[in-house]
Amino acid sequence: MKRARLIRFRIDFGEHSNIGPGKIALLEGIRTHRSLSEAARSMGISYRRAWLLLDSLNQSFNLPATINSRGGRGGGGAEVTTFGNLLIERYREAERKLNVVAEECLREVRAQVNTRGSVSARRIPVSKKIRKRT
Numbered sequence: 003m004k005r006a007r008l009i010r011f012r013i014d015f016g017e018h019s020n021i022g023p024g025k026i027a028l029l030e031g032i033r034t035h036r037s038l039s040e041a042a043r044s045m046g047i048s049y050r051r052a053w054l055l056l057d058s059l060n061q062s063f064n065l066p067a068t069i070n071s072r073g074g075r076g077g078g079g080a081e082v083t084t085f086g087n088l089l090i091e092r093y094r095e096a097e098r099k100l101n102v103v104a105e106e107c108l109r110e111v112r113a114q115v116n117t118r119g120s121v122s123a124r125r126i127p128v129s130k131k132i133r134k135r136t
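Residue numbers (the working numbering): 3 to 136.
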């Protein structure tokens with residue numbers, strides 16, 4: 003059985019310059035579908051949300067992550083640039099490395115994860131609850 007990723011993270015390069023799992027997934031979707039609208043649809047987000055994420059990404063760096071062409075009769079499109087591919091590769095590399103470190107550091111904790119069902123479905127008797135002291 004494949005283990006879930008432990009780490010989901012965002013990298014802040016500056017006040018309004020960051021990348022995280024959503025922007026990287028969007029870039030990967032654009033790379034696959036060659037279309038912002040198709041990438042958005044595959045992620046289950048609105049075109050507007052996808053456009054805002056992509057605009058934020060392209061405004062964050064001196065080099066664009068994508069090149070877009072206008073829609074119309076033949077349809078538009080989007081292409082991930084060399085820099086966009088570098089963002090994807092480096093983010094995924096950092097993610098792999100962080101997950102290795104997290105796995106090592108949290109091995110004993112992960113062994114205690116309840117795999118029998120939802121935590122919220124389990125009832126804790128009132129007598130066992132910790133009450134806040136006033």
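Where is the CB? At the ideal position from N, CA and C, for every residue including glycine.
Here Ala67 has Leu29, Leu59, Asn60, Val82, Thr83, Phe85, Gly86, Leu89 as same chain residues with Cβ atoms under 7 Å from its own Cβ, once five neighbours each way along the sequence are excluded. His18 is positioned such that its CB atom lies no closer than 8 Å to that of Ser48. Beta-carbon to beta-carbon, Gly24 and Leu55 are separated by about 6 Å, close enough to satisfy the 8 Å threshold.
Here Glu17 carries a coil assignment [DSSP, helix/strand/coil]. If you draw a straight line from the Cα of Ser37 to the Cα of Gly31, it is about 8 Å long. Taken through DSSP and simplified to helix, strand or coil, Gly86 comes out as helix. Phe11 sits close to Gly22, with the two beta carbons spaced by under 8 Å. Secondary structure note for Ser39: it is in no beta strand (DSSP E), and the uninterrupted alpha helix (DSSP H) holding it is 38 to 45. For Ile26, the enclosing alpha helix (DSSP H) starts and ends at 23 to 35. According to the DSSP secondary-structure assignment, Ala52 is paired through a beta bridge with no residue. The secondary-structure analysis by DSSP pairs Glu81 across a beta bridge with Ile69. Ala113 counts as exposed, since fewer than 16 other beta carbons sit within 10 angstroms of its beta carbon.
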